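Have a look at the structure below before the remarks.
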Amino acid sequence: MPEAPKISLKPTDYNLVEKNKKTLHFIEDVTANADKVQERVLGEILTRNANVEYLVKHGLKGHNDRETFKKVIPVSTYEDIQQEINRIANGDTSKILCSRPISEFLTSSGTSGGERKLMPTIEEELERRSLLYSLLMPVMSQFVPGLDKGKGMYFLFIKSEAKTPGGLLARPVLTSYYKSSHFKERPYDPYTNYTSPNETILCPDSYQSMYSQLLCGLYQNKEVLRVGAVFASGFIRAIRFLEKHWTLLCNDIRSGTMNPQITDPYVREAVMKILKPDPMLADFIEAECSKDSWQGIITRLWPNTKYVDVIVTGTMSQYIPILDYYSNNLPLVCTMYASSECYFGVNLNPLCKPSEVSYTLIPTMCYFEFLPVHRNNGVTNSPNVPKALTEKEQQELVDLVDVKLGHEYELVVTTYSGLYRYRVGDVLRVAGFKNKAPQFNFICRKNVVLSIDSDKTDEVELQNAVKNAVNHLMPFDATISEYTSYADTKTIPGHYVLFWELSLNGSTPIPPSVFEDCCLTIEESLNSVYRQGRVSDKSIGPLEIKIVEPGTFDKLMDYAISLGASINQYKTPRCVKFAPIVELMNSRVVSSYFSPKCPKWVPGHKKWNNGD
-2 MPEAPKISLK PTDYNLVEKN KKTLHFIEDV TANADKVQER VLGEILTRNA NVEYLVKHGL
58 KGHNDRETFK KVIPVSTYED IQQEINRIAN GDTSKILCSR PISEFLTSSG TSGGERKLMP
118 TIEEELERRS LLYSLLMPVM SQFVPGLDKG KGMYFLFIKS EAKTPGGLLA RPVLTSYYKS
178 SHFKERPYDP YTNYTSPNET ILCPDSYQSM YSQLLCGLYQ NKEVLRVGAV FASGFIRAIR
238 FLEKHWTLLC NDIRSGTMNP QITDPYVREA VMKILKPDPM LADFIEAECS KDSWQGIITR
298 LWPNTKYVDV IVTGTMSQYI PILDYYSNNL PLVCTMYASS ECYFGVNLNP LCKPSEVSYT
358 LIPTMCYFEF LPVHRNNGVT NSPNVPKALT EKEQQELVDL VDVKLGHEYE LVVTTYSGLY
418 RYRVGDVLRV AGFKNKAPQF NFICRKNVVL SIDSDKTDEV ELQNAVKNAV NHLMPFDATI
478 SEYTSYADTK TIPGHYVLFW ELSLNGSTPI PPSVFEDCCL TIEESLNSVY RQGRVSDKSI
538 GPLEIKIVEP GTFDKLMDYA ISLGASINQY KTPRCVKFAP IVELMNSRVV SSYFSPKCPK
598 WVPGHKKWNN GD
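Residue numbers (this note's numbering): -2 to 609.
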């Protein structure tokens, strides 16, 4: 993910070596004094928010020490603070969670009741996010020198935003950042020199934005030293877009004009400042794109590229093989770890293998605590994360410097913008230490079974969606005897696949349109992040139901038991990822059906749109 500069310096007095040295010294200092910094951060948060309603209600009484804080403030989930969030969203400006005014809501890709979670934020959080961004390139330049001598080709996009009933903006954290002066009016910095003009990034039309960013990236192909997007899925979408539209892009480069489909006047003006006719470059791109194989297309079209900067941890790891194919095995670099709640940490060894990525949490970002996680030893070996915590579990939380190597924890944060002992839902494993600060592997998002892009669908939601769809089968006296699912990323965009084994009691055959209705009903039942991915972002393809032969799920159980699962504890997994299991399921498919159209989706929360 690209980084933000910190301070304004003119090119003449810009000393990159000195700036990098200062940044690396900052990392040394805060990690060496991690506990002291954490104590100071908590003290600052509690002192400035001493009189907010939430802390007063729980009886903190102005205390700002760790011991009292842990004794009286409960560990919380989004549902615990939803009432307070709703009051702020509806326009209550009293000091409910934070003494500073809530400037906007950041919409999380995690959902509650099918709607995006709303994370309160304050103006100064932009400073903290910018600080974390500013650490990335000085770290990277230790491993890859000379990155200041060229440009980064990053595919960055804004998403739609909505207003709460009280008039506050609600939008994803990156949309908020790209629209802020921190990004738009960034001062000179050789590390934030991108091929995409701001206008192309800030274009709300995803087709025009992608087209114009690719056009600028291709036109400046020799200057590009690094390429990337936020998520691996977004970068692959850009390559697939190029596969579809390279002839149009070549025409524009050859003639030095812009396709009339690009109608945004700001985009046209910004691109035309860069674009001049270059028939030789157009011929070169055309020759490469016309070849049968697109293997290594990144290094063929952008020959000076040193690495691909994308998130490939967690569910994004499913995209590693296709990225390796397109990039000729260039290093895949995960630079930072962040969420809507707060930005957390950086990867200090960015050229490591994707499977070994670990993030060092920066102690100035927020106050960190860790809830120990224990594994279930059933067939899924999933982390066992308790929903509500007992008093004993509340006392088990440990501080940043007290985590143990090899142990797994759920991340809990207290932020400057009004979250207190808040469970983020990420499960992390301690991989090592940088001085006194732990380094964590990201293991998984708690309870998520399906994910293609930024969508996160859990087991309960999937179960409810399937239950709604089954109603279409009732007139045919049919039910689902078993089902499972998987995220198919071989198609671009990726899509959800459900394997259904039916129990047929009636004699009337079920027409294909009924199964298509089932697909659409499931999509309509899923959360708003999924539906936005289908409708607005086009980052998720139509859902597919595959009907399998009778007895398929018995075969699945036999296979799981042959791998060592206990027959007594065996439960049908609601999601399958292991390639041999997916192959087993696919080998027994008798028919498949796709959702015939997009589900309904509008920006904002459902109740805001109904005027409730």
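All C-beta atoms in this analysis are idealised placements derived from N, C-alpha and C, irrespective of residue type, glycine included.
As the structure is a prediction and not an experimental result, all values here were calculated from the model.
Query, Result
"Beta-carbon within less than 6 Å of Thr161's beta-carbon, same chain only, minus the 5 sequence neighbours each way: which residues are those?", "Ala86 and Ala167"
"Using a Cβ distance threshold of 8 Å, determine whether the region 184 to 192 contacts the region 239 to 251, with at least three qualifying pairs required.", "no"
"Specify whether the region 333 to 353 and the region 244 to 264 touch according to this definition: at least 3 beta carbon pairs, one from each stretch, less than 8 Å apart.", "no"
"Considering only C-alpha positions, which residue in the set Leu416, Ser584 and Asp514 is nearest to Thr74?", "Leu416"
"Can you list, in chain order, the residues of its chain with a C-beta nearer than 6 Å to that of Tyr356? Leave out the 5 residues immediately preceding and following it.", "Tyr334, Gly342, Asn344 and Phe437"
"Leaving aside the five residues before and after Asn374 along the sequence, list all residues of the same chain whose C-beta is less than 7 Å from its C-beta, in chain order.", "Note on Asn374: pLDDT 40, under 50, position unreliable in the model; the coordinate value appears next. Around Asn374: no qualifying Cβ."
"Cα separation between Ser230 and Lys146?", "28 Å"
"Is it buried or exposed for Gly56, if we count other Cβ within 10 angstroms and need 16 for buried?", "exposed"
"With DSSP as the reference, label His371 as helix, strand or coil.", "strand"
"Return yes when the Cβ of Ile119 is within less than 9 Å of the Cβ of Ser414, no when it is not.", "yes"
"Which one or two residues does DSSP pair with Met116 in a beta bridge?", "Leu103"
"What do you reckon, are the CB atoms on Phe521 and Pro593 nearer than 9 Å?", "The residue asked about is misnamed: residue 521 is Glu in this sequence, not Phe. No. Outside cutoff."
"By DSSP, does Thr481 sit in helix, in strand, or in coil?", "strand"
"Would Leu621 and Cys200 qualify as a contact pair, given that the criterion is a beta-carbon distance under 9 Å?", "Summary: the structure shown does not reach residue 621, with the chain confined to residues -2 through 609, and so no result is reported for it."
"Quick one: what does DSSP say Asp77 is sitting in, helix, strand or coil?", "helix"
"Would you identify the three-state DSSP class for Gln392, choosing helix, strand or coil?", "helix"
"When you compare each of Ser105, Glu41, Gly40 and Val34 to Val526 by their alpha carbons, which one comes out closest?", "Ser105"
"Helix, strand or coil for Gly253 per DSSP?", "coil"
"Name the residue from Leu171, Pro570 and Lys597 whose alpha carbon lies nearest to the alpha carbon of Asp455.", "Pro570"
"Distance check for Leu397 and Asn432, CA to CA, integer angstroms please.", "12 Å"
"Can you name the start and end residues of the alpha helix (DSSP H) that Gly40 belongs to?", "Ala31 to Arg45"
"Which residues bound the beta strand (DSSP E) around Asp423?", "Tyr419 to Lys431"
"Would Cys286 and Ile295 be called neighbours here (beta carbons separated by less than 9 Å)?", "no"
"Check whether the region 470 to 486 touches the region 496 to 507, counting contact only when three or more Cβ pairs, one atom from each stretch, lie closer than 8 Å.", "yes"
"Looking only at its own chain, which residues have a Cβ that is under 6 Å from the Cβ of His469, when we skip the five neighbours before and after it?", "Val511, Asp514 and Cys515"
"Among residues of its own chain, excluding the 5 on either side of Val579, which ones have a beta-carbon nearer than 8 Å to its beta-carbon?", "Tyr483 and Val573"
"As a quick exercise: from Lys92, Tyr556 and Pro508, pick the residue whose alpha carbon is nearest that of Asn46.", "Lys92"
"Whole angstroms is fine: what's the gap from Leu368's alpha carbon to Thr310's?", "21 Å"
"Can you tell me whether Lys67 is helix, strand or coil according to DSSP?", "helix"
"If I'm right that Leu408 touches Lys303 with Cβ under 8 Å, what's the distance once you round it to whole angstroms?", "With 8 Å as the limit, Leu408 and Lys303 do not qualify as a contact, their Cβ atoms being about 31 Å apart."
"Using C-beta distances below 7 Å, list every residue in its chain close to Cys595, excluding the 5 sequence neighbours before and after it, in chain order.", "Arg531 and Val532"
"Out of Asn346, Val170 and Trp291, which one is the CA nearest neighbour of Arg125?", "Val170"
"Indicate whether Leu358 and Val330 have their beta-carbon atoms separated by less than 9 Å.", "no"
"So, Glu182 versus Ala267, is the Cβ gap smaller than 9 Å?", "no"
"Can you give me the Cβ contacts of Arg426 inside the same chain, cut-off strictly under 6 Å, excluding the 5 residues immediately before and after it?", "Glu405, Asn438 and Ile440"
"My understanding is that Gln391 touches Val72, with C-beta atoms under 8 Å, so please give their C-beta distance in whole angstroms.", "6 Å"
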